[in-house]
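Number of protein chains: 2
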Amino acid sequence: MKNDLFLRALKGETVERPPVWMMRQAGRFLPDFRTLRDKYDFFTRCQTPELATEITLMPVNQIGVDAAILFSDILVVPQAMNIPFEMKPGVGPWLPNPVKSMQDVNKVIVPEIGDTLGYVMDAIKMTKHELDDRVPLIGFAGSPWTILCYTVEGHGSKTFDQAKGFCFSQPEAAHLLLQKITDTTIAYLKEKVKAGVNAVQVFDSWGGMLSPADYHEFSWQYIQQIVDALKDIAPVIVFGKGCWFAMDKMATSGASALGVDWTVTPETARKLTGGNITLQGNFDPSRLLSPIPEIERLATEMIDRFGKDKYIANLGHGILPNIPVENAQAFVNAVKNYKKN
Amino acid sequence: MKNDLFLRALKGETVERPPVWMMRQAGRFLPDFRTLRDKYDFFTRCQTPELATEITLMPVNQIGVDAAILFSDILVVPQAMNIPFEMKPGVGPWLPNPVKSMQDVNKVIVPEIGDTLGYVMDAIKMTKHELDDRVPLIGFAGSPWTILCYTVEGHGSKTFDQAKGFCFSQPEAAHLLLQKITDTTIAYLKEKVKAGVNAVQVFDSWGGMLSPADYHEFSWQYIQQIVDALKDIAPVIVFGKGCWFAMDKMATSGASALGVDWTVTPETARKLTGGNITLQGNFDPSRLLSPIPEIERLATEMIDRFGKDKYIANLGHGILPNIPVENAQAFVNAVKNYKKN
Numbered sequence: 622m623k624n625d626l627f628l629r630a631l632k633g634e635t636v637e638r639p640p641v642w643m644m645r646q647a648g649r650f651l652p653d654f655r656t657l658r659d660k661y662d663f664f665t666r667c668q669t670p671e672l673a674t675e676i677t678l679m680p681v682n683q684i685g686v687d688a689a690i691l692f693s694d695i696l697v698v699p700q701a702m703n704i705p706f707e708m709k710p711g712v713g714p715w716l717p718n719p720v721k722s723m724q725d726v727n728k729v730i731v732p733e734i735g736d737t738l739g740y741v742m743d744a745i746k747m748t749k750h751e752l753d754d755r756v757p758l759i760g761f762a763g764s765p766w767t768i769l770c771y772t773v774e775g776h777g778s779k780t781f782d783q784a785k786g787f788c789f790s791q792p793e794a795a796h797l798l799l800q801k802i803t804d805t806t807i808a809y810l811k812e813k814v815k816a817g818v819n820a821v822q823v824f825d826s827w828g829g830m831l832s833p834a835d836y837h838e839f840s841w842q843y844i845q846q847i848v849d850a851l852k853d854i855a856p857v858i859v860f861g862k863g864c865w866f867a868m869d870k871m872a873t874s875g876a877s878a879l880g881v882d883w884t885v886t887p888e889t890a891r892k893l894t895g896g897n898i899t900l901q902g903n904f905d906p907s908r909l910l911s912p913i914p915e916i917e918r919l920a921t922e923m924i925d926r927f928g929k930d931k932y933i934a935n936l937g938h939g940i941l942p943n944i945p946v947e948n949a950q951a952f953v954n955a956v957k958n959y960k961k962n
Numbered sequence: 622m623k624n625d626l627f628l629r630a631l632k633g634e635t636v637e638r639p640p641v642w643m644m645r646q647a648g649r650f651l652p653d654f655r656t657l658r659d660k661y662d663f664f665t666r667c668q669t670p671e672l673a674t675e676i677t678l679m680p681v682n683q684i685g686v687d688a689a690i691l692f693s694d695i696l697v698v699p700q701a702m703n704i705p706f707e708m709k710p711g712v713g714p715w716l717p718n719p720v721k722s723m724q725d726v727n728k729v730i731v732p733e734i735g736d737t738l739g740y741v742m743d744a745i746k747m748t749k750h751e752l753d754d755r756v757p758l759i760g761f762a763g764s765p766w767t768i769l770c771y772t773v774e775g776h777g778s779k780t781f782d783q784a785k786g787f788c789f790s791q792p793e794a795a796h797l798l799l800q801k802i803t804d805t806t807i808a809y810l811k812e813k814v815k816a817g818v819n820a821v822q823v824f825d826s827w828g829g830m831l832s833p834a835d836y837h838e839f840s841w842q843y844i845q846q847i848v849d850a851l852k853d854i855a856p857v858i859v860f861g862k863g864c865w866f867a868m869d870k871m872a873t874s875g876a877s878a879l880g881v882d883w884t885v886t887p888e889t890a891r892k893l894t895g896g897n898i899t900l901q902g903n904f905d906p907s908r909l910l911s912p913i914p915e916i917e918r919l920a921t922e923m924i925d926r927f928g929k930d931k932y933i934a935n936l937g938h939g940i941l942p943n944i945p946v947e948n949a950q951a952f953v954n955a956v957k958n959y960k961k962n
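Chains as they are written, first to last, in my numbering: chain A, 622 to 962; chain B, 622 to 962.
Have a look at this one:
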């Protein structure tokens, strides 16, 4: 690997400067992505390895990030499990038949990955070839809880009350669904590693909607299964947005790194996690709308506070579509130019 | 006051059992409210003292809560400030002319409360008369930051990125707007106290969208001004959803009580706030979809963990429209029947 900063940071090794990448870096803030999006619909982009490869490489070639993350979507997993969804323009994911009962859960399958998600593995192989070991490639999946949120709610939500109501009123059905998603996700991520990804990240985007006790019951125990199954074949990064209250548990899970959102200060994140695990984050995505000198100042301060080692510079959630490319570039450059005085 | 449990808990006095009320208790989960809603539009309900009084009393008469909270909306404040809004069915608040620039902020006025919000004071006087000192009456306002969120974004949002972008790219305009909202809110809450409310609550529903540093700059310093201006004339409750990271600061602000959401365990909430201030919360609103025996068990456990003193039982956010009345009733009854073994 020509640039192995990201993998070294995941191992906790001493580095010259932290590696940097941005969640959703292969996405709408890039003009070239928007051009492709106008030509090909969402499913075509995901399922055509040439397109997924081209999109994955955009931020590597154009912004110079230290890791690539395969262009895909967390909802390809439920799709393979016989829970179809559509992408409604201006709305986002839309499930015509959300899961509402044990009967619905019984119709959900744990698929053969090769039969249903082979296109992802083709995209990984093609991307690895094109990357030519310039930077590592990350594969990702949604957490079982986050996938359940969409499959029950049927669409995005501010609070995912229907998903929560399903868990609280039909816990048996919820746990059966969560276990099916977990089994599929483990098989899926193992195939990704076989196909060539250098690390995997689990996104628990909606874990922060739950109380600590409910988080353990409906989210964390399934993420732990994924970490257990993957940690010996690839480094695992767990990112739970709003899950500050579970970071102590996450720190001893066997994950190589934990994502941190911007509501947690670097000092609090280090304290909650015991100071010994690699942390990734946590620039507020909206802060990329600040003037460029302010972005540079805040990014440098962020590294000062996390420390340059056991640290991966990133945003605290996905980059927003309306971020000017030069602002994202300023963020990445500030990390790459970091020198502790 | 016949039932002064709520006021005694705010003073930190020893009580037989904690008082209980529910955020948004005068709202859509009540069938009688829905009937009124079908007859009168949102503005008619807010601006007609007889209707506001009738709605405010519903949960007192029907559920037996220990405090009433005046039926109104946080957006009546920006409305009085020359920022009109509509209520779009199925969408929520909608501002035809969101604030986007310093020029827009300059058009925002700090109004005379009597001229613009006199109908709220009329509703308070009528409600106090009807309550006849059975339980105390709470008046409320949104935090300046939360009001800014709506006035800039123009509608509800998952992340309020436009509001944040406005603050980060035009901080001078943002601070001018926040100060105007603060000045109006202080005058408004003082009038409410004069009209008869026994306590006030400030809702910072969107404070948790900000990093700790940005929270201090764009939200907390304005809430502190409100607490400073009100605390000598009425007890002030501050509720910052998702603001666990600022609870230490809040605890020494002069507020009488702090709201807590369900992502913070009772033990953590006590620890973060130093163990000496009254706390209010924090039942997950979605947990009212659990079977009734589970609701009773969880409510009792919540009181055990917070302790019966310096504590006001409540939800961790507003009650959801789809909660069965008997489930809400079970929650309230569980608190009223609380006896520590």
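By construction, the Cβ of each residue, glycine as well, lies at the ideal position given by its N, Cα and C atoms.
Could you give the C-beta distance for residue i and residue j, rounded to a whole number, given that I count them as a contact under 8 Å?
i	j	result
asparagine 935 of chain B	tryptophan 642 of chain B	6 Å
threonine 805 of chain B	methionine 871 of chain B	Contact doesn't hold; Cβ gap of about 22 Å is too wide.
isoleucine 734 of chain A	glutamate 812 of chain A	5 Å
tyrosine 809 of chain B	leucine 738 of chain B	6 Å
From the options, pick the residue whose C-alpha is nearest to that of residue i; which is it?
i	options	result
proline 945 of chain B	B/Tyr959, B/Arg926 and B/Ser907	B/Ser907
arginine 638 of chain A	A/Phe927, A/Asn943 and A/Thr806	A/Phe927
histidine 837 of chain A	A/Trp715, A/Ile858, A/Asn819 and A/Trp865	A/Trp865
methionine 644 of chain B	B/Asn624, B/Ile759 and B/Ile745	B/Ile759
glycine 828 of chain A	A/Leu799, A/Leu798, A/Lys801 and A/Lys862	A/Lys862
valine 818 of chain B	B/Leu799, B/Gln646 and B/His750	B/His750
methionine 622 of chain B	B/Ala688, B/Met871 and B/Lys929	B/Ala688
glycine 895 of chain B	B/Phe904, B/Thr873 and B/Thr803	B/Thr873
alanine 876 of chain A	A/Thr884, A/Asp882 and A/Ile854	A/Ile854
methionine 708 of chain B	B/Phe650, B/Thr884, B/Gly777 and B/Val885	B/Gly777
serine 826 of chain B	B/Cys770, B/Pro833, B/Gln800 and B/Gln842	B/Cys770
tyrosine 740 of chain B	B/Thr884, B/Arg918 and B/Phe692	B/Phe692
aspartate 972 of chain A	A/Asp930, A/Thr669 and A/Glu915	Only positions 622 to 962 of chain A appear in the structure, and residue 972 of chain A is not among them; the question remains open.
Taking the alpha-carbon positions, what's the residue i to residue j distance?
i	j	result
glycine 713 of chain A	glutamine 845 of chain A	29 Å
proline 887 of chain A	methionine 868 of chain B	17 Å
lysine 815 of chain B	proline 856 of chain B	13 Å
isoleucine 730 of chain B	threonine 899 of chain B	35 Å
lysine 963 of chain A	phenylalanine 627 of chain A	A query on residue 963 of chain A cannot be resolved here, the shown segment of chain A reaching from 622 to 962 and no further.
arginine 629 of chain B	aspartate 754 of chain B	15 Å
cysteine 788 of chain A	glycine 939 of chain A	27 Å
valine 686 of chain B	threonine 674 of chain A	59 Å
isoleucine 704 of chain B	aspartate 662 of chain B	19 Å
tyrosine 932 of chain A	asparagine 624 of chain A	16 Å
serine 790 of chain B	lysine 779 of chain B	20 Å
isoleucine 690 of chain A	glycine 711 of chain A	24 Å
glutamine 842 of chain A	proline 914 of chain A	43 Å
proline 640 of chain B	leucine 752 of chain B	17 Å
By DSSP, does residue i sit in helix, in strand, or in coil?
i	result
proline 714 of chain A	strand
leucine 651 of chain A	coil
lysine 709 of chain A	strand
threonine 780 of chain A	coil
tyrosine 740 of chain A	helix
glutamine 901 of chain A	strand
isoleucine 916 of chain B	helix
glutamine 724 of chain A	helix
glycine 735 of chain A	helix
asparagine 954 of chain B	helix
phenylalanine 824 of chain A	strand
glycine 880 of chain A	strand
isoleucine 684 of chain B	coil
valine 859 of chain A	strand
Can you find the residues in the same chain that come closer than 7 Å, C-beta to C-beta, to residue i, ignoring five residues on each side of it along the sequence?
i	result
phenylalanine 824 of chain A	Ile695, Phe761, Gly763, Ser764, Thr767 and Phe860
glutamate 774 of chain A	Pro719, Phe781, Gln783 and Ala784
glutamine 950 of chain B	Ile684
Ordered along the chain, which non-local residues of its own chain (more than five positions away) have a Cβ less than 6 Å from that of residue i?
i	result
isoleucine 793 of chain B	The residue you asked about is not isoleucine; residue 793 of chain B is glutamate in the sequence shown. Excluding residues within five positions, none has a Cβ falling inside 6 Å.
tyrosine 959 of chain B	Arg638 and Ile924
proline 699 of chain A	Ile768 and Thr772
alanine 850 of chain B	Ile807
Using C-beta distances below 8 Å, list every residue in its chain close to residue i, excluding the 5 sequence neighbours before and after it, in chain order.
i	result
threonine 665 of chain A	Leu672
valine 697 of chain A	Cys667, Leu738 and Val741
Can residue i be considered in contact with the ligand MN, in the sense that its beta carbon sits closer than 7 Å to one or more heavy atoms?
i	result
valine 698 of chain A	Summarising the ligand content, the structure contains no ligands, and the ligand MN is consequently not present.
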